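Protein chains in written order, with my numbering: chain F, 67 to 710; chain U, 514 to 1027.
Presented below is the structure to which this report refers.
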Amino acid sequence: MDTLPWIILLLPLFSAAGITIFTQKNRDLSAKLSIGAVGVGFVLSLILFVSYRGEAVPTQQIEWINLGKLGIDIGIQLDAISQLMLLIVTGVGGLIHIYSYGYMREDRSVSRFFASLSLFTFSMLGIVLASNFVQMFIFWELVGLSSYLLIGFWYERPSAADAAKKAFITNRLGDFGFILGIIIIWALLGTVSFDVARDKLAADPALLGSMATVAGLLIFCGAMGKSAQFPLHVWLPDAMEGPTPVSALIHAATMVAAGVYMLCRTFFLFEVPQAWPEAVLGWFPFLEGITALGIIAWIGGITALLAALIAVQQDDIKRVLAYSTLSQLGYMVMAVGLAAPVAAMYHLTTHAFFKALLFLGAGSVIHAMHHQQDMWEMGGLKAKLPTTYWTFMVGTLALCGVPPFSGFYSKDAVLAAALDGHHGSPLLFVLGVGVAVLTAFYMFRLLITTFYGQARSEHAEHAHESPRVMTLPLVLLAVPSLLAGLWGIDAFAAKMLPVSHPIEHHGWFHAVLEPVNHSPLAATFGLLAVLVGALGAWHLYRGVERDPVERRRPVLSDFMRQRFFFDEIYQFFIGLTHELIARISSWLDQWIVGGLIVRGTAIGVEITGRLLRLVQTGNIQTYALLLVAGIVLVIVMTIRATTH
Amino acid sequence: MSPLTYIIGWPLLMAVILAFIPRNYRVLMRLGTLLATFLSLLVAVKMFVQFGGAEVGLGGYRFVQQVPWVESLGISYYVGVDGINVGLILMGALVAFAAACVSWEIKTHEKEYYLLLLVMTGGILGAFSSLDLFFFYFFHELALVPTFIMIGIWGRGADRNFATFQITMYLTVGALIALAGLVLLYLEAGLNTFDLVRLTEHLQNNPLKAGAQNFIFPFLLFGFGILVSLWPFHSWAPVGYGSAPTATAMLHAGVLKKFGLYGLIKIALPLLPNAAQGWVHVIAALAVGNILYCGWVAMRQRDLNLLIGNSSVAHMGFTFLGLASLTLIGITGAVTVMIAHGLLAALTFGLSGYIYNETGTLDTRKLGGLLRPMPFIGTAMVMAMMAGCGLPGFANFAGELLVLFGAWNSLSGFVVAAAWGALVVGAVYMLRAVRNVVHGPLPELERTPRDANAWRKLPFVLLLAALLWFGIFPSVLVNKIKPDAARIVKMVTGSEEPATAQAMAALKRGDAKN
């Protein structure tokens, strides 16, 4: 049993390496290798899940670097949340691998695609199983690499190549904070291991001293990058330049959830007494009393609201889903900030199911529409793509939070956390309900425009259902999207994460009504929000040809369509700061260091050279000769000095 | 005889043989060069593998050989390796072989070219093996002079003459300043010997007066510093490499440049400990100058070689920062970066040389989309650029990570700046290069560039494999470096880090197991 996690982790790596080195030419074999690796991983993960059922297994470690004070291991941490994540990554990931086999069939670089996909699976599993901060950082970066490779899969398209670059660099901004946080934690606790750090902090919560809040926030920076939280959210919508299965797997279900997972994994850091360094308080006295979790909750909340507002006015169906992902990630981060990591893991799990389903459904539509992604070119696809339609419907209902679909229960857990007397915040509850209204609104807008009404283009009239290899994953994902709320995922995650009230699982029937018993207020408002949003969308978008909001509220619509001009503002600021510094440095280097000083000396030597022209020709061999002569001279002087 | 003598000897012997081969036997000369560098590489690999089991001699050196030469002055041919130079020599031998492989681009004056290449190789490997200060310096000069000549004759680009002039001037001045420092050290020690082991031991027991130390240290710091392109004495490097023939750039940027760092670690730190401690903040500040300033300059470059050259200068900052930390972790990291960067610099200059030969330009505005016609070269380029911006899995990450950890306690402000340079600035210019050269649409070129065939792939595959091997299993390097880095730290700071003692004990247990 001890070797199983290692096999799960390494199989995709072998698959990636094998495809790259040996099976580039054989597309079918490449795909099968990749699918096989993740499939076997899923079976083994199931075995682990069934045998351990959330019990923590002693951590296994292999020494990677040992330098006295700094010991870094590569290890396997197998406990409730990593067992859960293993199933999500290999299960949802496996289905998306199979779907890709159909979706990518006609692309000439199928082998490269599956190699990158396997590399991604390996890296993601590495994050899930990581037993220490540095190992997590290592796989964190590798996930960034696979995301870069897959966003830029169609690298000849400038937009794809630019998007890949933007994603990687934006993530690096977050990782800058992440690594500093890791170093600070190591400097103060003397370890990078999760277990040891947690035990040390449990024994003496004041160990981080005045750096507690700063260290926590720096670690959170990493999550901000990977989980695309405001203000580092700008890369995720552009990441939709990658093939649709990639959007489903990496930029919806798994990788972007890594930040949330990491926050849950390191939640012990945020439970220690919060304090700011004196110097920081001297400059910013208003920070007194503000905790890391408080900031995290608001960042999550702001992301959720901003992204939902932008989603309302997007026309590209993948972009709507991308902003929806941002918004849902905001919910998860907000849950962590509200000291409810269980709710965050719960929503992460259900979201992985239904968002993967929605993206794959969108992929099926795009496939049928010959790569047309504008929803206003679609319409009336309900009858032509029945399987896609019904499964997309399941995903939509789950995302909006209609009981008994899974999203209702996990979103309810987040909203209930905002109402919690101790850690909650009424303002964030109102914000959360508002986002739920917007979610229902933009999802029904998408559903109605795409599947109802009349076909609005040639392609939409002649659309055909996708092949079985693509629809089967849709159906298989629809099942957990519907039922995952009843399985007691929250109770499972609660085995190792702190909770404000005991969570137990008493079977399916009890689970259906659990939200109403636990927090009737949250459940009621959650339901009302769906109703308001869905009815609003139905009223506005039934049978229209163009978006009425664009006409009636042109300024607001433009702001939303231009994504509140974040990209432009960032461009401006980067141009004003970092690029400007680079320009100045480059100018200095060219004209001062390399120019005045070096060329000045050069001219000086030139003049001397002209004076000594009769003696020297100035060519390179002569310089070499002079050099040797110089050395000999110094040696002779040395000998003289020593003999006297 | 020590394997080191073979490692140095094969290229030099072959250079002598080449002198007698008629100049139109081009293939023979090429094969001879490949054979000599390959033999050096084989011996270096064997030595690296057998390092742990070898007998440890005086001063912690293994595979030692000493032949007295000028006894009145205390000069002897004296070679040996410890954990610090064993990896450097392996890296140097590998880069030398790769440089010989990529020399197919040379079409004129092959005889002189290969002769100089072999002399340069022998000089480089000799400099890193020598435990005698005279030969240490002599071998360096033996490698340096061919560098200038090769850039002058086989170099490319309009700036060639200026580049040659600049690199010659800078490096000659740097070498002479370092020489002055070494001579002063020799005189001050008053032992009448160039034997580094004896000097180290003597000065450890009878340290120089603070005044003398403080007087000599700047000579070594700036002399060696100029050789490593320490900011702000770096401007020779990007332009010089940009104009150099591929193999010269690979050998100099990859290996020879590390000579200055090696001198600082092996001579300046342990022999002048008090002065070293006083200079750490200056070194750290200059190191950040390397990392950030040269990184920013690299962001603005339009020529691929200038970009790589500036990035190579920027990476040197990490080794200086590691040195300045004066901790076991930092110095181990610095040596790891030296080895990793040597492999990486050779790889990137090798690849850019290949691209130049196929497309006739390195202007990033005229290039693009090379991944389609050249899948192997394009992929290798992406991997090299990723290694350059510190992606885990490559040796550079392990080294830079150790430097950041090691320097945190004493130099935290500098670490923040260095981390920004490593994670953000590095990513910006490396990915810009990928975007402009490898990604995007393929522009109109005179002819379709061809991908490398199996033979041309060989040097790149070897360099990449070494980068990955040391990146995935850094302990292969780290465990060798550790005891000697610990000894240097002890000599400089006077105290063994408490945890180091445990680490040494653990290492001994590990040795016993093996």
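Built from N, CA and C at the ideal position, the CB exists for glycine as well.
Computed from a predicted structure; not experimentally measured.
Residue closest to residue i, alpha-carbon to alpha-carbon, out of the options
i: U:V848; options: U:M604, U:E701, U:V710; result: U:M604
i: F:S175; options: F:D94, F:R619, F:A318; result: F:D94
i: U:L631; options: U:A931, U:V562, U:L548, U:N598; result: U:L548
i: F:P539; options: F:F260, F:M306, F:L424; result: F:L424
i: F:A358; options: F:A388, F:V399, F:A377; result: F:V399
i: F:L298; options: F:L183, F:P309, F:F286, F:F517; result: F:F286
i: U:G926; options: U:A800, U:V577, U:V895; result: U:A800
i: F:G366; options: F:F471, F:A323, F:I138; result: F:A323
i: F:M626; options: F:E611, F:L504, F:L597; result: F:L504
i: F:Y214; options: F:D173, F:W301, F:I569, F:V468; result: F:W301
i: F:M536; options: F:A428, F:I569, F:W206, F:S96; result: F:A428
i: U:P987; options: U:A908, U:T546, U:G882; result: U:A908
i: U:L856; options: U:V686, U:P720, U:L981; result: U:L981
Cβ-Cβ distance between residue i and residue j below 9 Å
i: F:A314; j: F:T416; result: no
i: F:I235; j: U:A940; result: yes
i: F:A483; j: F:A405; result: yes
i: U:L817; j: U:L740; result: no
i: U:G802; j: U:S824; result: no
i: F:T310; j: F:K421; result: no
i: U:V795; j: U:L839; result: no
i: U:A606; j: U:L638; result: yes
i: U:L769; j: U:A853; result: no
i: F:L544; j: F:L451; result: A small correction: the amino acid at residue 544 of chain F is Ala; Leu does not occupy that position in the sequence shown. The answer is no: Cβ separation not under 9 Å.
i: U:I729; j: U:G773; result: no
i: F:E611; j: F:R522; result: yes
i: U:L743; j: U:S642; result: no
i: F:G192; j: F:I204; result: yes
Buried versus exposed, by CB contacts within 10 Å (16 or more), residue i
i: F:V338; result: buried
i: U:G846; result: buried
i: U:L467; result: In the structure displayed, chain U extends from 514 to 1027; residue 467 of chain U sits before or after that span and is not available.
i: F:I658; result: exposed
i: U:A1016; result: Caution applies to U:A1016, whose pLDDT of 45 falls short of 50 and renders its modelled position unreliable; the model cannot decide the point.
i: F:E580; result: buried
i: F:S117; result: exposed
i: F:P78; result: buried
i: F:I635; result: exposed
i: U:D1024; result: Confidence in U:D1024 is poor, its pLDDT being 43 and thus under 50, which makes the residue's placement unreliable; the coordinate value appears in the next sentence. With fewer than 16 other Cβ atoms within 10 Å, it is exposed.
i: U:K460; result: Any question about residue 460 of chain U goes unanswered here, given that chain U covers just 514 to 1027.
i: U:P575; result: Here the sequence assigns Arg to residue 575 of chain U, which means Pro is not the residue at that position. So U:R575 ends up on the buried side.
i: U:K1026; result: Because the pLDDT of U:K1026 is 40, which lies under 50, any placement of that residue in the model is unreliable, and the question is left without a value.
i: U:K1021; result: With a pLDDT of 45 at U:K1021, under the threshold of 50, the modelled position of this residue cannot be trusted; read the value that follows with caution. Per the 10 Å Cβ criterion, exposed.
i: F:M306; result: buried
i: U:V583; result: exposed
i: U:K648; result: Note that residue 648 of chain U corresponds to Phe in the displayed sequence, not to Lys. Buried, since its Cβ has 16 or more Cβ neighbours within 10 Å.
i: F:W349; result: exposed
i: U:H747; result: buried
Endpoints, the alpha helix (DSSP H) within which residue i is located
i: F:D624; result: 620-627
i: F:P492; result: 492-517
i: F:I658; result: Element bounds for F:I658: n/a, residue is neither H nor E.
i: F:H572; result: Careful: F:H572 lies outside any alpha helix (DSSP H) and carries neither H nor E.
i: U:S838; result: 817-838
Residues bridged to residue i (per DSSP)
i: F:G137; result: F:N132
i: F:L144; result: F:V123
i: U:Q578; result: U:V592
i: F:N198; result: F:S259
i: U:V583; result: U:I588
i: U:S643; result: U:V592
i: U:D708; result: U:D645
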